[in-house]
Amino acid sequence: MTAAPARPDLRVLSVRRPWANLIVAEHKTIENRSWSTAYRGRLVVHAGRTWVPAAVELSRSLGITEFATAAANPGGYLGTVEVLDVHPAAGCCAPWGFRDPGTFHWVLGDARPFDIPIPGRDDSGSTALRTTSSMWSPQRP
C-alpha cells in the first residue's frame, strides 16, 4: 500500500469583504498591511465576515459595481493569488494603496478564483499570514 503524497502547507490571507472579492476578481491588486513579509508565492484568499462600506464606495468610483452588497459577495475561501512584491507605502499604488505611515503594499497578481467558494472561517483569530492544509477537505453542507 502506497502512502498518500504529502500536501504542502498553504498560506492563507484573510481579508475583509468586499476587498477579498475584489482581489479574487483581479480588480484590487494591492493589499494594505501594517507588516511586511519576505514571502513571495501563492496565497489562498479568505473573505472574512466583516463588510467594509468604504470598499464599495471606492470600487463604485472606479466604475466597478458588482460588489455593492454583502449578499452578492460570499465569505469563506474564494481562490488564490500570487504575492509578487511587498514594499512600504510611498504615495504609490493608487487607487488601492493606502498612504498611512507604517503601511506596506502587498502587490498581488494572477488571481485564480475557485469555481465555488469554500465555506469556512479563518480559525487563526487574526488576519495574519498563516499556514494550513486542513482547508482542502472542508465539511460541505
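If you count the sequence shown from 1, position 69 lands on 69 in the working numbering, and the numbers rise without skipping. A virtual CB, placed ideally from N, CA and C, is assigned to each residue, including glycine.
Secondary structure of residue i, DSSP reduced to three states
i, result
"residue 120", "coil"
"residue 143", "Only positions 1 to 141 of the chain appear in the structure, and residue 143 is not among them; the question remains open."
"residue 101", "coil"
"residue 115", "strand"
"residue 88", "strand"
"residue 15", "strand"
Residue i burial status per 10 Å Cβ neighbour count (16 or more: buried)
i, result
"residue 77", "buried"
"residue 80", "buried"
"residue 137", "With a pLDDT of 31 at residue 137, under the threshold of 50, the predicted position of this residue should be treated as unreliable, though the coordinate-derived value follows. Result: exposed."
"residue 59", "buried"
"residue 47", "buried"
"residue 55", "buried"
"residue 62", "exposed"
Rounded distance between the beta-carbons of residue j and residue i, thought under 8 Å
i, j, result
"residue 102", "residue 34", "6 Å"
"residue 67", "residue 32", "Contact flag wrong, Cβ pair sits at about 17 Å."
"residue 12", "residue 44", "5 Å"
"residue 119", "residue 24", "No, residue 119 and residue 24 are not in contact; Cβ-Cβ is about 15 Å, not under 8 Å."
Under 8 Å between C-beta atoms of residue i and residue j
i, j, result
"residue 82", "residue 110", "yes"
"residue 105", "residue 94", "no"
"residue 64", "residue 87", "no"
"residue 16", "residue 50", "yes"
"residue 96", "residue 29", "yes"
"residue 84", "residue 40", "yes"
"residue 117", "residue 74", "yes"
task: Jot down the residue ranges of each uninterrupted beta strand (DSSP E) in the segment 18 to 86, minimum 3 residues, whole runs only, in chain order.
output: 30 to 33, 41 to 51
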